[in-house]
Structure formats: structure tokens, C-alpha cells
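Here the structure is laid out as C-alpha cells; the discussion comes afterwards.
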Amino acid sequence: MLLYNHPFLVINGYPEEDLVVKLPGQPKVELKQYAGYVDVDVKAGRSLFYYFVEAHHHPHHKPLTLWLNGGPGCSSIGGGAFTELGPFFPKGHGRGLRINSKSWNKASNLLFVESPAGVGWSYSNTTSDYNCGDASTARDMYIFFINWFAKFPSYKDRDLFLTGESYAGHYIPQLAIALLDHNEQSRGYKFNIKGVAIGNPLLKLDRDAPAVYEYFWSHGMISDEIGLAIFNECDFED
Numbered sequence: 001m002l003l004y005n006h007p008f009l010v011i012n013g014y015p016e017e018d019l020v021v022k023l024p025g026q027p028k029v030e031l032k033q034y035a036g037y038v039d040v041d042v043k044a045g046r047s048l049f050y051y052f053v054e055a056h057h058h059p060h061h062k063p064l065t066l067w068l069n070g071g072p073g074c075s076s077i078g079g080g081a082f083t084e085l086g087p088f089f090p091k092g093h094g095r096g097l098r099i100n101s102k103s104w105n106k107a108s109n110l111l112f113v114e115s116p117a118g119v120g121w122s123y124s125n126t127t128s129d130y131n132c133g134d135a136s137t138a139r140d141m142y143i144f145f146i147n148w149f150a151k152f153p154s155y156k157d158r159d160l161f162l163t164g165e166s167y168a169g170h171y172i173p174q175l176a177i178a179l180l181d182h183n184e185q186s187r188g189y190k191f192n193i194k195g196v197a198i199g200n201p202l203l204k205l206d207r208d209a210p211a212v213y214e215y216f217w218s219h220g221m222i223s224d225e226i227g228l229a230i231f232n233e234c235d236f237e238d
């Protein structure tokens, strides 16, 4: 597998050009945050956009957690970072940001990636790249990590957790396999994977979807008539 490495201006283990000094309407915080692009295929012009937030306290001693939203097509930044587990939420009137008191960055450094290309600000200059699948998405994320660690070398040996929701039930396990395959084959650097976590995951449509409607029926949320119609008429094949 070809890896694409580029020189970056790295100051104290961080890329200065990706530093986000302050977001619009952001309250004052001590943590650092970074955002930018990581090339995953220079020839095709394919790059993935990331948003990285340090842990609230003692970031140098905290693990690194990747978060991916699912869909496919959902933004990990617009979704995960700013409506679920990131350090800031939009204020109710849509102007400015407020602190998320339950942000995961209280326990870990957080990395949000727009994946695959075409999601959010991630892009490709090759139109055919937008017709992608699980295998190519996992491969791009593997290359992303190699090149992101070139930007953030102080994080390459941190405990690494891979997390996500929804269609990340496919993204995360397949990415974990790609990283573990690298570890088995590499005589040098190995990813320090400590665990995976997926919430409300899509695993197998023919199992997941019927379970939802069975729950609705068993809890009186739909009638017997509607429940029987769903089970008898709907095709839940993957």
C-alpha cells in the first residue's frame, strides 16, 4: 500500500498552520484545537478534513479518540463534534458557542474526521472517487492516520480508541482491521489500539431493522395490524 508523506511545519509536535486560534463566538478556554486537511491520495487530489481538540486537562497524558459519524454521508464535525461530544455546542439562537459540560475531551484528546471524501469539507479532484465503498473508506482512513501522525508525531504512540455511531458500525470495525493488519505486517511502527466503541450501530440491516419494529410492537408503539404488515411485507435484506 502506498503511503503519502509530506513535510509539515511542526512546532512542539503540532502543525502551526492548522492551529485554530478561536472559533467564532467561542467562549474562552485553555485547550488548543486544530483543523485542516490530510492528503490520502495526492495523484487523485483526495484529502480528508479533520478537527482535533486537546483534552481539557493534561492532554499530554490522555489517550487519543477518533470519532466518525455514519450515514453514510453524515458529518463528524457538524454532528459528533458540535452536537454530541465535542467541547462546544451552538447556542440556542444560533449565534455563538457554549461549553459542553459533558464533552469527551474531559477524558481524551478528540479527533473528528469527515470521511469518506465528499462528506463535509473532505473532497477529491477525481469525480469517480465519490463512488466509494467500505473497503476504500477504510483504506483512506488508514492512510489518513499515517499522515496525520506525521503532523502530530507526539500522538503516534498514544493509546488509541476508535469510536463512532450509526454506519460507523461498518467504518470502525473495518478501520480497526486495517490498522491491526498493519501492525501484523510492520517491523517498525505499530498503532497503539486499545479499543473500539460504536453506538446505535448499523451492523446487518436484515437483523437491525426488524429488531427496531419488534421493539415498537412489543412496547405498544405500533398496532398488531401494522406490526404484522411490516414483518410480512417488508424486505430487510442487506
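Here the UniProt record's numbering is used: the first residue of the sequence shown is 1, the next is one more, and so on.
Positions of the beta carbon are idealized from the N, C-alpha and C atoms, including for glycine.
Using CA coordinates, which residue listed in the options is at the minimum distance from residue i?
{"i": "Pro153", "options": "Cys132, Leu64, Val113 and Pro72", "result": "Leu64"}
{"i": "His170", "options": "Ser122, Gly71 and Asn147", "result": "Gly71"}
{"i": "Val38", "options": "Gly220, Asn147, Leu31 and Gly195", "result": "Asn147"}
{"i": "Leu25", "options": "Asp181, Phe89 and Phe149", "result": "What sits at residue 25 in the sequence shown is Gly, not Leu. Looking at the Cα atoms, Phe89 is the closest of the given residues."}
{"i": "Asp134", "options": "Ser218, Ile193 and Ala176", "result": "Ala176"}
{"i": "Leu179", "options": "Phe144, Ala209 and Tyr167", "result": "Phe144"}
{"i": "Pro116", "options": "Tyr50, Trp217 and Glu233", "result": "Tyr50"}
{"i": "Tyr142", "options": "Lys190, Gly120, His219 and Tyr130", "result": "Lys190"}
{"i": "Leu68", "options": "Lys32, Glu114 and His57", "result": "Glu114"}
{"i": "Gly164", "options": "Ser47, Gln174 and Arg46", "result": "Gln174"}
{"i": "Ser136", "options": "Gly80, His219 and Asp41", "result": "Asp41"}
{"i": "Tyr34", "options": "Asn109, Lys156, Ser101 and Asn100", "result": "Asn109"}
Cα separation between residue i and residue j?
{"i": "Gly96", "j": "Phe82", "result": "12 Å"}
{"i": "Ile77", "j": "Arg158", "result": "22 Å"}
{"i": "His93", "j": "Ala138", "result": "37 Å"}
{"i": "Ala107", "j": "Ala55", "result": "7 Å"}
{"i": "Phe112", "j": "Asn183", "result": "23 Å"}
{"i": "Asp235", "j": "Ala44", "result": "38 Å"}
{"i": "Gly227", "j": "Ala209", "result": "13 Å"}
{"i": "Gly118", "j": "Ser124", "result": "7 Å"}
{"i": "residue 240", "j": "Ala211", "result": "Limits of the chain in this structure are 1 at one end and 238 at the other, which puts residue 240 out of reach."}
{"i": "Glu30", "j": "Gly73", "result": "32 Å"}
{"i": "Met221", "j": "Glu214", "result": "10 Å"}
{"i": "Trp217", "j": "Arg207", "result": "16 Å"}
{"i": "Lys32", "j": "Glu225", "result": "55 Å"}
Around the C-beta of residue i, are 16 or more other C-beta atoms found within 10 angstroms, so that it is buried, or is it exposed?
{"i": "Glu17", "result": "exposed"}
{"i": "Leu9", "result": "Reliability of the predicted coordinates at Leu9 is poor, the pLDDT of 49 falling under 50, and the value obtained from them is presented with this limitation in mind. Result: exposed."}
{"i": "Pro201", "result": "buried"}
{"i": "Asp140", "result": "buried"}
{"i": "Gly195", "result": "exposed"}
{"i": "Pro27", "result": "exposed"}
{"i": "Ala168", "result": "buried"}
{"i": "Leu160", "result": "buried"}
{"i": "Phe231", "result": "exposed"}
{"i": "Arg98", "result": "exposed"}
{"i": "Thr85", "result": "One detail in the question is off: residue 85 reads as Leu in this sequence, not Thr. With 16 or more other Cβ atoms within 10 Å, it is buried."}
Per DSSP, which residues does residue i bridge with? Please list them.
{"i": "Phe149", "result": "The partner list for Phe149 (beta bridge, DSSP) is empty, contrary to what the question assumes."}
{"i": "Ala135", "result": "Answer by DSSP bridge pairing: none, since Ala135 is not bridged."}
{"i": "Trp67", "result": "Phe112 and Thr163"}
{"i": "Leu35", "result": "The displayed chain sequence assigns Ala, not Leu, to residue 35. In DSSP, Ala35 forms a bridge with Tyr51."}
{"i": "Gly96", "result": "Paired residues: none, contrary to the question."}
Looking at the ligand SAM, does it come within less than 7 Å of residue i, judged from the CB to the closest heavy atom?
{"i": "Ser223", "result": "This structure simply doesn't include the ligand SAM, nor any ligand for that matter."}
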